[in-house]
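Note that UniProt numbering gives residue 178 to position 178 of the sequence shown, counting from 1, and the numbers run on in steps of one. Glycine residues also receive a C-beta, built at the ideal position from the N, C-alpha and C atoms. No experiment lies behind these values; they were computed from the predicted model shown. Down below is the structure, laid out as structure tokens.
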Amino acid sequence: MFVIWSHGTGFIMSHQLTFADSEFSSKRRQTRKEIFLSRMEQILPWQNMVEVIEPFYPKAGNGRRPYPLETMLRIHCMQHWYNLSDGAMEDALYEIASMRLFARLSLDSALPDRTTIMNFRHLLEQHQLARQLFKTINRWLAEAGVMMTQGTLVDATIIEAPSSTKNKEQQRDPEMHQTKKGNQWH
């Protein structure tokens, strides 16, 4: 049985709801990750991207059956958006329900391991599809008024250092600063 799951502002997708998935369906508030993935679900033309990659993607035959191409593409996009390694992406699929649902996976079926995720990334790189794909995604997002930026979170830690502010040349070090924490100067 296929259902459309809409929650709050709408994580809308066609997905077969399993008992494992239904545990999470009663949540009352959407997380920022769910809202973001819902927007990506609605904005991006997934079928168009699948058609570009499909000629290069392995077909079912002898050996293990490949994961659906759209699932692997969604995983690759999340890996890029959240700056996750192959192993971290595998862990996220097990730990984060919204990412698993976005990839159209459920806990009662096998999830791609880090090697499978890496092989898909290498397939895109080998055929020069990764850069082209993300340029196209960024264009679609820009047309929808969404801009993706990348940043770094810096955790400032106060450390004890000698009180001298002079460098080797006995000049005041322009990078040396003091700060106040509570009533104490550091």
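* Going straight from the alpha carbon of Leu133 to that of Arg29, what length do you get? -> When rounded, the distance between both Cα atoms is 32 Å.
* In terms of residues, what are the limits of the alpha helix (DSSP H) holding Ala130? -> It spans Ala130 to Glu143 - the alpha helix (DSSP H) in which Ala130 sits, taken as one unbroken run.
* Asked: Hey, Thr31 and Ser98: beta-carbon distance below 9 Å or not?
  -> Between Thr31 and Ser98, the C-beta spacing is below 9 Å.
* With distances taken from CA atoms, which of Pro68, Asn83, Asn119 and Asp113 is nearest residue 188? -> The requested residue 188 does not occur in the structure, where the chain is confined to residues 1 to 186.
* **Under 9 Å between C-beta atoms of His80 and Phe120** => No. Outside cutoff.
* Asked: Does the Cβ of Glu51 have 16 or more other Cβ atoms within 10 Å, making it buried, or fewer, making it exposed?
  -> When all chains shown are included, Glu51 counts as exposed.
* Cβ pair Tyr94, Met72 closer than 9 Å -> No.
* Is any heavy atom in the ligand ADP found nearer than 8 Å to the beta carbon of Asp91? -> No copy of the ligand ADP occurs in the structure displayed, which carries no ligand at all.
* To do: Would you list, in sequence order, the uninterrupted alpha helix (DSSP H) runs of no fewer than 4 residues that lie entirely inside the segment 59 to 142?
  => As far as the segment 59 to 142 is concerned, its whole alpha helix (DSSP H) runs of at least 4 residues are 69 to 81, 86 to 95, 97 to 102 and 114 to 126.
* How long is the line joining the alpha carbons of Ile137 and Gln178, rounded to whole angstroms? -> Ile137 and Gln178: Cα-Cα distance of roughly 44 Å.
* I think Phe43 touches Ala144, with their Cβ atoms under 8 Å apart; what is that distance to the nearest whole Å? -> The amino acid occupying residue 43 in the given sequence is Ile; Phe does not appear at that position. Sure, about 5 Å apart at Cβ, within 8 Å.
* Under the three-state reduction of DSSP, which class applies to Lys33: helix, strand or coil? -> Lys33 falls in the helix class under three-state DSSP.
* Chain-order list of residues whose beta-carbon lies under 8 Å from that of Arg74 (same chain, five-residue window excluded) -> Its chain contains Trp46, Phe102, Ala103 and Arg104 as the residues whose beta carbon lies nearer than 8 Å to that of Arg74, once the 5 sequence neighbours on both sides are disregarded; these appear in chain order.
* **Opposing strand residues paired with Trp185 [DSSP bridges]** => Paired residue(s): Lys180.
* To do: Count the other CB atoms, across all protein chains shown, that sit within 10 Å of the CB of Ala110; report buried if there are 16 or more and exposed otherwise.
  => Around the C-beta of Ala110, fewer than 16 other C-beta atoms lie within 10 Å, and the residue is accordingly described as exposed.
* **Where the alpha helix (DSSP H) through Gln47 begins and ends** => Run containing Gln47: Trp46 to Ile53, per the alpha helix (DSSP H) assignment.
* Nearest to Glu70 by CA position, among Glu41, Ala88, Met89 and Gly63, is which residue? -> Ranked by how close their Cα comes to the Cα of Glu70, the residues Glu41, Ala88, Met89 and Gly63 have Glu41 in first place.
* Asked: With a CB to CB cut of under 8 Å and the five nearest residues on each side skipped, what residues in its chain are close to Leu84?
  -> Met78 and Ala92, listed in sequence order.
* Could you name the residues of the same chain whose beta carbon sits closer than 6 Å to that of Ile48, not counting the 5 residues immediately before and after it, in chain order? => This sequence places Asn at residue 48; Ile is not what is there. Cβ neighbours of Asn48 beyond the five flanking positions: none.
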